[in-house]
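Here the structure is laid out as structure tokens; the discussion comes afterwards.
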Amino acid sequence: AALLLITVLTATLIASLVIQQLARRVQALLDGTRRISGREFGARVEIAGDCEFAGLADSFNAMSRDLKRQFDALAALAEVDRLLQRSPDIEAILDRLLPSMASILHAWSVSVLMLDRDSPGHARVYDHVAGDADARPVRRIAIDPEGMRAACGRNSGTISRAIGVAAQELMEPLLSAGASTLELKPLEHEGRLLGFLCVGHAEAAARVPPPAVSTADFADRLSIVLANLAQSEKLRHQAHFDSLTGLANRALFRERLQQALDHAQRAGRSGALLYVDLDQFKHVNDTAGHGVGDEFLCTIAQRLRHSVGSEAMAARLGGDEFAVLLLQADAAEAAVRADAILRAVDEPVHLAGRELRTGASIGIALFPDHGAGIDELLMVGDIAMYRAKEAGRNRAVLFAPEMR
Numbered sequence: 005a006a007l008l009l010i011t012v013l014t015a016t017l018i019a020s021l022v023i024q025q026l027a028r029r030v031q032a033l034l035d036g037t038r039r040i041s042g043r044e045f046g047a048r049v050e051i052a053g054d055c056e057f058a059g060l061a062d063s064f065n066a067m068s069r070d071l072k073r074q075f076d077a078l079a080a081l082a083e084v085d086r087l088l089q090r091s092p093d094i095e096a097i098l099d100r101l102l103p104s105m106a107s108i109l110h111a112w113s114v115s116v117l118m119l120d121r122d123s124p125g126h127a128r129v130y131d132h133v134a135g136d137a138d139a140r141p142v143r144r145i146a147i148d149p150e151g152m153r154a155a156c157g158r159n160s161g162t163i164s165r166a167i168g169v170a171a172q173e174l175m176e177p178l179l180s181a182g183a184s185t186l187e188l189k190p191l192e193h194e195g196r197l198l199g200f201l202c203v204g205h206a207e208a209a210a211r212v213p214p215p216a217v218s219t220a221d222f223a224d225r226l227s228i229v230l231a232n233l234a235q236s237e238k239l240r241h242q243a244h245f246d247s248l249t250g251l252a253n254r255a256l257f258r259e260r261l262q263q264a265l266d267h268a269q270r271a272g273r274s275g276a277l278l279y280v281d282l283d284q285f286k287h288v289n290d291t292a293g294h295g296v297g298d299e300f301l302c303t304i305a306q307r308l309r310h311s312v313g314s315e316a317m318a319a320r321l322g323g324d325e326f327a328v329l330l331l332q333a334d335a336a337e338a339a340v341r342a343d344a345i346l347r348a349v350d351e352p353v354h355l356a357g358r359e360l361r362t363g364a365s366i367g368i369a370l371f372p373d374h375g376a377g378i379d380e381l382l383m384v385g386d387i388a389m390y391r392a393k394e395a396g397r398n399r400a401v402l403f404a405p406e407m408r
């Protein structure tokens, strides 16, 4: 009886110890589950031994790591959305996004190429290299877009040192910085090539991220972002620039003129407005046709832009009427710029086998002397321009109060 009692007590004690050990392991897994529900992915579940619970803990930790990568990726993409809503500045977006991409993809470097809208054979390159304390300057490179698109299909998109002649100018600085392989993905939206995403890896094994956060996922997202930015830029350009000549339109000119008037009032400085009207332009339309007339206006617009310099703003107000905004200019400076415009416009234009010529009449208005408001300043500039026409055309006249 004593032996039986001892045996029962021993078995009970052993069972109790086993149950407590199992309970601690189950509790550890439960605690880990609660931490995951609170997005605390860094804490591991530690269960020693080679039992089933230890294997379950290892699987649990692996799942936690995968969930962390997926949440980090989703957070990075959500950050892109927030940045895009706050600011359409692609540089602000990439400054935040590229380091996140490098971390999530375990990449040595991440680069985004944006094709120039007006020159697809050139691109701007934004680079991020792991370990760099400061952001790298934007690079401008000449590329072969179709050659690079074809290179994306080789070796499942991986470009090694032996491949990628089309992308050599892109690759060399990244390979020199320590990347051993480069993964290249096209950025496309609705069949239009917008650029490329280039991800560099220090080790070949590190270039295979979890499927839920692959390089292709980021490439798809970036394609949408660049397409939206391009569309926003297109709409902004249509709203503020003349569709024929490419100069600023009346709306943008009035906006910039108001800013100049406000600045002149605060700083006590003067500026000038040149109101430009072509002489006898109707004769060009009547003799050569409206199509040639449009080409003629485009040529004059380009001459106008070049003759006033980069610091001045030239705009087409409508028809054959143009305006130029000069900041921090007095009457003498305005006269010099007006004379440059007259010489540029007076040069013959050769179109459709014809030599076409016209002149310009220019009215000069100074602000704030001649007007403190947009409409008033445009009105006095128009008055001075008509005085120039009355005086014989092809000249500039400075507004004077008695002209009213």
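Using our numbering, you'd call the opening residue of the sequence shown number 5 and step up by one each time. Even for Gly, the Cβ is constructed at its ideal location relative to N, Cα and C.
Checking 8 Å against the spacing of the C-beta atoms, do residue 265 and residue 372 come in under that value? Counted from its first residue, the sequence shown places residue 265 at position 261. Counted from its first residue, the sequence shown places residue 372 at position 368. In this structure, residue 372 lies closer than 8 Å to residue 265 by Cβ.
Using DSSP with H/G/I as helix, E/B as strand and the rest coil, what is residue 267? As a first step, residue 267 is located in the sequence shown; it is residue number 263 there, counting from the start. Here residue 267 sits in helix by DSSP.
Answer yes or no: do residue 204 and residue 116 have a C-beta to C-beta separation smaller than 8 Å? Looking up residue 204 in the sequence shown gives position 200. Looking up residue 116 in the sequence shown gives position 112. For residue 204 and residue 116, no; Cβs fall outside 8 Å.
If distances are taken between C-alpha atoms only, which option among 137, 121, 135, 142 comes closest to residue 129? By 1-based counting over the sequence shown, the position of residue 129 is 125. Ranking 137, 121, 135, 142 by Cα distance to residue 129 puts 142 first.
What runs of the beta strand (DSSP E), each 3 residues or longer, lie entirely inside the segment 308 to 395? Entirely contained in the segment 308 to 395, the beta strand (DSSP E) runs reaching 3 residues are, in chain order, 317 to 322, 325 to 330, 353 to 355, 358 to 360, 363 to 371.
Given a cut-off of 8 Å on the beta-carbon distance, is the pair residue 349 and residue 360 in contact? Taking the sequence shown and counting its residues from 1, one reaches residue 349 at position 345. Taking the sequence shown and counting its residues from 1, one reaches residue 360 at position 356. It is not a contact, given that the beta carbons lie outside the stated cut-off.
Once you ignore the five residues that flank residue 387 on each side, which residues in its own chain have a CB closer than 6 Å to its CB? Walking along the sequence shown from the start, residue 387 turns up at place 383. Excluding residues within five positions, the ones whose Cβ falls inside 6 Å are 407.
Return yes when the Cβ of residue 338 is within less than 8 Å of the Cβ of residue 368, no when it is not. If you number the sequence shown from 1, residue 368 lands on position 364. If you number the sequence shown from 1, residue 338 lands on position 334. With respect to residue 338, residue 368 sits close: the two C-beta atoms are nearer than 8 Å.
Boundaries (first-last residue) of the alpha helix (DSSP H) holding residue 150: By one-based count along the sequence shown, residue 150 stands at place 146. Start and end: 149 to 155.
Straight-line Cα distance separating residue 245 from residue 403: On the sequence shown, position 399 is the one that residue 403 refers to. On the sequence shown, position 241 is the one that residue 245 refers to. Their Cα atoms are separated by approximately 28 Å.
4-residue-minimum alpha helix (DSSP H) runs that sit fully inside the segment 251 to 295, ordered along the chain: With a minimum length of 4 residues, the continuous alpha helix (DSSP H) runs that stay inside the segment 251 to 295 are 254 to 271, 285 to 292.
In or out: residue 168 buried (at least 16 other Cβ within 10 Å) or exposed? Here residue 168 is taken as the residue at index 164 of the sequence shown, counted from 1. Confidence at residue 168 is low in this model, with a pLDDT of 43, below 50, so its placement is unreliable and no value can be given for it.
Which one or two residues does DSSP pair with residue 124 in a beta bridge? Taking the sequence shown and counting its residues from 1, one reaches residue 124 at position 120. Looking at the DSSP output, residue 124 bridges to nothing.
Cα-Cα, which of 259, 150, 322 is closest to residue 124? Your numbering for residue 124 matches position 120 in the sequence shown. For the residues 259, 150, 322, the minimum Cα distance to residue 124 belongs to 150.
Identify the continuous beta strand (DSSP E) that holds residue 118 and give its terminal residues. Within the sequence shown, the letter at position 114 stands for residue 118. Membership of residue 118 in the beta strand (DSSP E) is indicated by the continuous run 113 to 119.
Closest to residue 347 by C-alpha separation, out of 310, 357, 379, would be which residue? In the sequence shown, the residue the question calls residue 347 occupies position 343. The candidate whose alpha carbon is nearest that of residue 347 is 310.
Assumed close pair residue 308, residue 345 - CB separation to whole angstroms, cut-off 8 Å: As a working mapping, residue 308 is identified with position 304 in the sequence shown. As a working mapping, residue 345 is identified with position 341 in the sequence shown. That pair is a contact at about 6 Å.
Quick one, are the C-beta atoms of residue 312 and residue 305 less than 8 Å apart? Walking along the sequence shown from the start, residue 312 turns up at place 308. Walking along the sequence shown from the start, residue 305 turns up at place 301. Their beta carbons are not under 8 Å apart, which means residue 312 does not touch residue 305 by this criterion.
Which two residues bound the contiguous beta strand (DSSP E) that contains residue 406? Position 402 of the sequence shown holds residue 406. Per DSSP, residue 406 belongs to no beta strand (DSSP E) and is neither H nor E.
What three-state label does DSSP hand residue 299 in the structure shown? For the purposes of this step, residue 299 is taken as residue 295 along the sequence shown, with counting starting at 1. The answer is helix: DSSP assigns residue 299 an H, G or I state.
Contact between the segment 228 to 241 and the segment 293 to 300 (3+ Cβ pairs under 8 Å): Contact between the segment 228 to 241 and the segment 293 to 300 is absent: fewer than 3 CB-CB pairs across the two stretches fall below 8 Å.
Three-state secondary structure (DSSP) at residue 132? As a position in the sequence shown, residue 132 is number 128, starting the count at 1. Here DSSP, grouped into helix, strand and coil, assigns residue 132 to strand.
CB of residue 482 within 8 Å of CB of residue 398, strictly: The displayed coordinates of the chain run from 5 to 408. Any statement about residue 482 would go beyond what the structure contains.
If you measure between the beta carbons of residue 111 and residue 118, is that distance less than 8 Å? On the sequence shown, residue 111 is found 107 positions in, with the first residue counted as 1. On the sequence shown, residue 118 is found 114 positions in, with the first residue counted as 1. Contact: no.
State the DSSP-derived secondary structure class of residue 58, mapped to helix, strand or coil. Taking the first residue of the sequence shown as 1, we reach residue 58 at position 54. Reduced to three states, the DSSP call for residue 58 is helix.
Since residue 33 and residue 61 are thought to touch, with beta carbons under 8 Å apart, how far apart are those beta carbons, to the nearest angstrom? As a working mapping, residue 33 is identified with position 29 in the sequence shown. As a working mapping, residue 61 is identified with position 57 in the sequence shown. Contact between residue 33 and residue 61 is confirmed by a C-beta separation of about 7 Å, below the 8 Å threshold.
Quick check on DSSP: helix, strand or coil for residue 185? As a first step, residue 185 must be located in the sequence shown, where it is residue number 181. Looking at residue 185 - three-state DSSP - the assignment turns out to be strand.
Considering only their Cβ atoms, is the gap separating residue 255 from residue 330 smaller than 8 Å? Reading the sequence shown from its first residue, position 326 is the one you call residue 330. Reading the sequence shown from its first residue, position 251 is the one you call residue 255. Contact flag unset, no.
Check each candidate in 316, 355, 58 and name the one with the smallest Cα separation from residue 30. Counting from one through the sequence shown, the residue named residue 30 turns up at place 26. With distances taken between Cα atoms, residue 30 lies closest to 58.
Let me check understanding here. Comparing Cα to Cα, which of 155, 230, 49 lies closest to residue 96? Here residue 96 corresponds to residue number 92 of the sequence shown, with the count starting at 1. Of the residues 155, 230, 49, the one whose Cα lies closest to the Cα of residue 96 is 230.
Short check: CB of residue 188 to CB of residue 156, under 8 Å? Position 184 of the sequence shown holds residue 188. Position 152 of the sequence shown holds residue 156. Taking 8 Å as the Cβ cut-off, residue 188 and residue 156 qualify as a contacting pair.
Cβ shell of residue 220 (< 8 Å), same chain only, five flanking positions each side left out: The residue given as residue 220 occupies position 216 in the sequence shown. Closer than 8 Å at Cβ, skipping near neighbours: 189.
In this structure, does DSSP put residue 110 in helix, strand or coil? Translated into the one-based positions of the sequence shown, residue 110 becomes position 106. DSSP places residue 110 in coil when its eight states are reduced to three.
Rounded distance between the beta-carbons of residue 355 and residue 301, thought under 8 Å: Counted from its first residue, the sequence shown places residue 301 at position 297. Counted from its first residue, the sequence shown places residue 355 at position 351. So it is not a contact: roughly 11 Å between Cβ atoms.
Residues bridged to residue 199 [DSSP beta-bridge criterion]: Your numbering for residue 199 matches position 195 in the sequence shown. 118, 191.
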